[in-house]
Each structure stands twice: as C-alpha cells, then as structure tokens.
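S.K.: For reference, the structure I am asking about is given below.
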Amino acid sequence: MSAAYYQPQQSVMYYIQKADGSMIQHYGPAKAPSHVARAPRQLARAPSHPALSQVARAPTQLARAPSQRQLARTPIPTHLVPINTGLPTAASMVVTPTMDDDSQEDPTEGFGPSMLGVRTTVDEPLSASQAIEVLQAGNRRFVQGDIKAGGLCQDKRRALASHGQRPVATVIGCADSRCPVEQLFDARPGDLFVLRNAGNTCTHAEGSMVGSVEYSVLNLETKMILVLGHTGCGAIMGATKLFMERSAQKYMEMTYRKDAQESTDRSTEASESEQPPQPCGCKKGSTLLGLLDALVPVAQQACIELGGGSTEEIAAHAVKVNVWRTINFLLSYSLIIREKVASGEVELQGAVYNMRSGAVEFLGKSPKQEKLLNHDGHVVPSMGGLARQMS
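This is the structure we're talking about:
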C-alpha cells in the first residue's frame, strides 16, 4: 500500500491506497505508520482546516475503514497536500491500467489484432481486405515518419518463438537493398511473409518462389498475396537495355539484309572479348544474363503499350508490366493459388513502391485474372522457356 498524504498532527486521518486500487481511511497519531510515506520536512505543517479538527474528535468506532460504497461518497481533501511538492495526491494515484502493447489495435490503425502483441498462430488469419488495410496503414506511417515497429520486448520474442507464424500477408518483392519490404510497410517480425529476388519475378514454376507462395497460402493461411515492384529497378533496366540493343541489331539486319550473311560470319569468328558489352556487366552464358533474358519480354510489352520511347521511359513502364506478369504467371502455373483465388479465399494483387516518395501505389487485381482463372497450367515452364509467353 502507498500513502496518499501525511500531515503530522496530534490526531490525523490518512487516506491509503491498497494494492487493488481501493482507498481506505486511517486514523492515528502524529507519527505515521511505517508503510506511509512521510511528506518532506518543510511541508509537515499544513494549514488548519475545520474538517480536520472534527475528524480528530471522531468516535473510536469510526476508526474502522468504511465500505467501498461509503468511500465512494467520501470527498478526498486533497488541499492538505501542497501543490508542486512532488508528493502525489490520492486522486492522482488512482490510475486506470493501460496495455503497453498493440493487442487491441484496429487493423487500419496498427499492425492488426494480436493476442500476444505480435502475430502468431494464437490469432485468426486476417481477410484479404483487412490485410490490405494493414499494409496501407503501415505505408502511411512510413511515409509520414510515424514509425511504430521498433524492437521487440522479451515477451514478444518468446511469443514468436513459442508459437507458429500467422503473417498478415505474403509479399513478393525485389532484392534491391533500397526496398526493404518490412520497413516500408512498418511491419514487425511475424507480420509479413516476404519473398525477394532480382526483379520480383517468377520465371519458372519449378523454383522456390512459387513453392514458397504455395506454402504461405496452405500452411500460414495468408489471404493476401502482394507482388511489389519498385521504381528504378535495376533488373528491369538491364532487361530493357538488352531489349533495345537486340531491337537495334535486328533493325540493322533487316535494313542491310544484303550484308547480313557477311555480318553473321564475322560475329561467329569474333572472340568473346570482341562481343558487345552486356547489361549489368554480364558475360555471355552467365546466370545473370539468363535472368535478364527472361525479363526481355517485359520490356518488349512495355514498348508496345507505350508505342515506343526512350530506354528510361520503357523501363519505367516495364516495372508495372512486370508486376502483372508475375501475377499472371502465378495464376497460370500454380493450381493451388489459382483454386484459392477462384474460391475467393485468397486475393492476388499488385503494387509499386516509389523510392523517392516512399509511397506504395496499390494496383489491385490483374486485368487478366478472370481469363486466367480458367487457364489449364499443366505445362510447367522452365527458365527462359514458356515463361516468355506470360508477358
């Protein structure tokens, strides 16, 4: 118990707050009980008050603490404690308990509801619409600099370690170090199931990207799959440059058809060091060049939609084209994802992150979704093979 105040007199009354928050009256001598905090020496004398003298003459049978109902009607003479003394009044000591976690936060205001302060299997999966609201709210905080996702206390770390995952959404993002998915959505550990590679793309169905998305849908019960591109993507720019170089070479061959055979013979005899430089410093036959080669159809489609343009203009539009391409690929070649989307249990949407502003533009569903839900993806595409047809 802690004392509300103490005024040494010949016979005084104390208000004492119990551990359960209730208040009791205590009558006693000028010397305070050991459990009552003594006021500073210079504050020991308080101005006299008529009520206090009457309390001193109170009958002995009133020394018992009143009931809770009586106490509720008893005014607390807080004037006996001087202002700005540092000694709290009884009224100031009655504090309503508050939670320092986000367990009851609204999905649109924070991270989504969580019983243990972090997302675990104790919580119910969020619907696709709830997940989008959480992502949008998190990005608004990121843009405004109102970051809430800090370090986790020990209890929350234990909760994550003791229980399984229950993330808000699955996000396919780019490996670009300037686009940290968790930070730009102001997410904590356990909030997002994130998959990243160069170009936020799926180029072959037998890879880990598609399998990981299927795992999140089946086992983690995420209802929202978000494919997130970003401005200034290096992989898209490299693929666009490769497309432009090949287009220029093809144009030259068509224009100077008479010299095509001679040009082909010369290029065959040329050594690798004499070959024209490849985008991103790639060498002929490298895996990186294979990755960019698989993204060339994206740049080609962007060029067609724009009706031409500079390398920068085509690459900028290709970012959005690539988001749709990845979504269309998942719908076409993953039976699990296609069935979940067709049933309405899962949503597959796209978005683009603007590195300059920090804002995420949510694009919604693919324009081809309805058509692709009826697609029979029994043929498994391989790197650089049938995947090109999904642009």
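Numbering-wise, UniProt numbering puts 361 at position 361 of the sequence shown, and it's gapless, one number per residue. Using N, Cα and C, we set each Cβ at its ideal position, and we do this for glycine too.
Would L291 count as contacting chain B if we go by Cβ distances under 8 Å?
M.R.: Chain labels in this structure do not include chain B; a single protein chain is all it has.
S.K.: Mapping the DSSP letters down to three states, classify I336 as helix, strand or coil.
M.R.: Three-state result, I336: helix.
S.K.: So L160 and P189 are in contact, right, with Cβ under 8 Å, and what is the actual spacing, rounded?
M.R.: About 6 Å separates the two Cβ atoms, so the contact holds.
S.K.: Tell me where the beta strand (DSSP E) around L169 begins and ends.
M.R.: The displayed chain sequence assigns Ala, not Leu, to residue 169. Element bounds for A169: A169 to C174.
S.K.: In or out: G308 buried (at least 16 other Cβ within 10 Å) or exposed?
M.R.: Burial call: exposed.
S.K.: What runs of the alpha helix (DSSP H), each 4 residues or longer, lie entirely inside the region 126-211?
M.R.: Runs found: 128-144, 154-162 and 181-184.
S.K.: If we count the other Cβ atoms within 10 Å of its Cβ and call it buried at 16 or more, is Q349 buried or exposed?
M.R.: Answer is buried; the Cβ neighbour count reaches 16.
S.K.: Taking the beta strand (DSSP E) that E361 belongs to, which residues open and close that run?
M.R.: Here the beta strand (DSSP E) through E361 covers V360 to K365.
S.K.: Is it true that the region 327-341 meets the region 114-131, where meeting means three or more beta-carbon pairs spaced less than 8 Å apart?
M.R.: No, they do not touch.
S.K.: Could you tell me whether the region 190-200 touches the region 164-175, using the rule of 3 or more Cβ pairs below 8 Å?
M.R.: The region 190-200 vs the region 164-175: in contact.
S.K.: Just to confirm, is the Cβ distance from S286 to V143 under 8 Å?
M.R.: Not in contact: S286 and V143 (Cβ atoms no closer than 8 Å).
S.K.: Which residues in the same chain have their Cβ closer than 6 Å to the Cβ of L306, if we skip the five residues on either side of it in sequence?
M.R.: Once the five neighbours on either side are set aside, the close Cβ partners of L306 are H317.
S.K.: Would you mind sorting A91 into buried or exposed? The rule is 16 or more other CB atoms within 10 Å of its CB.
M.R.: Note that A91 scores a pLDDT of 37, beneath 50, so its modelled location is shaky; the value from the coordinates is reported in the next line. By the 10 Å Cβ count, A91 comes out exposed.
S.K.: Measure the alpha-carbon distance for residue 394 versus K250 and round it to whole angstroms.
M.R.: The structure shown does not extend to residue 394, since the chain is modelled only from 1 to 391, so the question has no answer here.
S.K.: If you draw a straight line from the alpha carbon of L372 to that of A187, how long is it in whole angstroms?
M.R.: L372 and A187: Cα-Cα distance of roughly 32 Å.
S.K.: Using a Cβ-Cβ cut-off of 7 Å (strictly less than) and excluding sequence neighbours within five positions of K368, which residues of its own chain qualify?
M.R.: N328.
S.K.: Hey, how far is the Cα of E347 from the Cα of M224?
M.R.: The straight-line gap from Cα to Cα measures roughly 5 Å.
S.K.: Per DSSP, which residues does G308 bridge with? Please list them.
M.R.: BP columns for G308 are empty, so no partner.
S.K.: Name the DSSP beta bridge partners of H230, please?
M.R.: Answer is Y353.
S.K.: Please classify P297: is it buried, with 16 or more other beta-carbons within 10 angstroms of its beta-carbon, or exposed?
M.R.: Flag for P297 reads buried.
S.K.: Could you tell me which of E345, N322, V134 and L135 sits nearest to I236, measuring between CA atoms?
M.R.: Ranking the options by Cα distance to I236, first place goes to N322.
S.K.: Please go through the same chain and pick out, in chain order, the residues whose beta-carbon is closer than 7 Å to the beta-carbon of P311, but skip the five residues on each side of it.
M.R.: First, the amino acid is wrong: residue 311 is Thr here, not Pro. These residues qualify, in order along the chain: T240, K241 and M244.
S.K.: Who are the near neighbours of V352 in its chain, counting only those whose CB is closer than 8 Å to its CB and skipping five residues on each side?
M.R.: Within the same chain, V352 has close Cβ partners L228, G229, H230, T231, V319, K320, V323, V360, E361 and L363.
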